[in-house]
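Here is the structure we will look at, set down as structure tokens.
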Amino acid sequence: MGYYHIAQVCTNGHLINDSFDSHPESNQSFCSKCGAETITTCPKCGSNIRGDYDCGIPVFGGTTSVDSYCYNCGAPYPWTQKILDSALELISLDAELSDDTKKLIKNAIPYLLVDLPESPVAIANYRSGISKAGQIVKDSMHQLLVDVISETARKIIYPNG
1 MGYYHIAQVC TNGHLINDSF DSHPESNQSF CSKCGAETIT TCPKCGSNIR
51 GDYDCGIPVF GGTTSVDSYC YNCGAPYPWT QKILDSALEL ISLDAELSDD
101 TKKLIKNAIP YLLVDLPESP VAIANYRSGI SKAGQIVKDS MHQLLVDVIS
151 ETARKIIYPN G
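Residue numbers for the sequence shown follow my numbering, beginning at 1 and rising by one.
Structure (structure tokens):
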């Protein structure tokens, strides 16, 4: 049976080392891409962040993805929380949107990041709400979300990338 190595990730979500525990030569206190502090545990519950899965057989060419939420407590990791907070702030800046439309979009955003049973409704609500937003907010939301939402949501919301 395999096990997960500990991952080291900066607080902005850049993977530093997917085998923090077994390859300390690759560890960094701060991210070389953005300068943010690095972490290896969930800030809420202290569980290790999952890195490379070691099944005992060498596998070459695979990449380790960075999870959005803690597997142990379900809390968003700092990089996920920053995306959620930034999206909410962008929506709140749009004077063209009614309070009801802002609420519709805000409630949909967490369900865009991962595929859940609620995601199809959230995608429809987001598309309906964001269509009423100003161009600056639409463009900023695209830039913020296009690389972090689920593949299903991306294909529907941003079919052209």
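For every residue, glycine included, the Cβ atom is placed at its ideal position computed from N, Cα and C.
When burial is assigned at 16 or more other CB atoms within 10 Å of the CB, is residue i buried or exposed?
i, result
"residue 63", "exposed"
"residue 141", "buried"
"residue 9", "buried"
"residue 111", "buried"
"residue 147", "exposed"
Counting along the chain, where does the alpha helix (DSSP H) carrying residue i start and finish?
i, result
"residue 9", "Here residue 9 belongs to no alpha helix (DSSP H); instead the beta strand (DSSP E) covers 8-10."
"residue 53", "Looking at the DSSP string, residue 53 is not in any alpha helix (DSSP H); the run it does join, the beta strand (DSSP E), is 50-54."
Return the residue from the list the options that minimises the CA-CA distance to residue i.
i, options, result
"residue 144", "47, 17 and 79", "79"
"residue 75", "96, 41, 99 and 120", "41"
"residue 136", "84, 92 and 152", "92"
"residue 23", "6, 152, 43 and 160", "6"
"residue 4", "65, 157, 45 and 133", "65"
"residue 52", "58, 19 and 83", "19"
"residue 86", "1, 12, 157 and 25", "12"
Quick check: the Cα distance between residue i and residue j, rounded to an integer number of angstroms?
i, j, result
"residue 130", "residue 28", "39 Å"
"residue 73", "residue 81", "14 Å"
"residue 32", "residue 99", "40 Å"
"residue 180", "residue 88", "Coverage of the chain is limited to positions 1 through 161, which leaves residue 180 absent and any answer about it impossible."
Can you give me the Cβ contacts of residue i inside the same chain, cut-off strictly under 8 Å, excluding the 5 residues immediately before and after it?
i, result
"residue 114", "68, 69 and 150"
"residue 71", "47 and 50"
"residue 90", "137, 140, 141 and 144"
Which same chain residues, not among the five before or five after residue i, have their C-beta less than 7 Å away from its C-beta?
i, result
"residue 38", "8, 9, 10, 16, 28, 29, 30 and 31"
Taking residue i as part of the beta strand (DSSP E), name the residues at either end of that continuous run.
i, result
"residue 17", "15-17"
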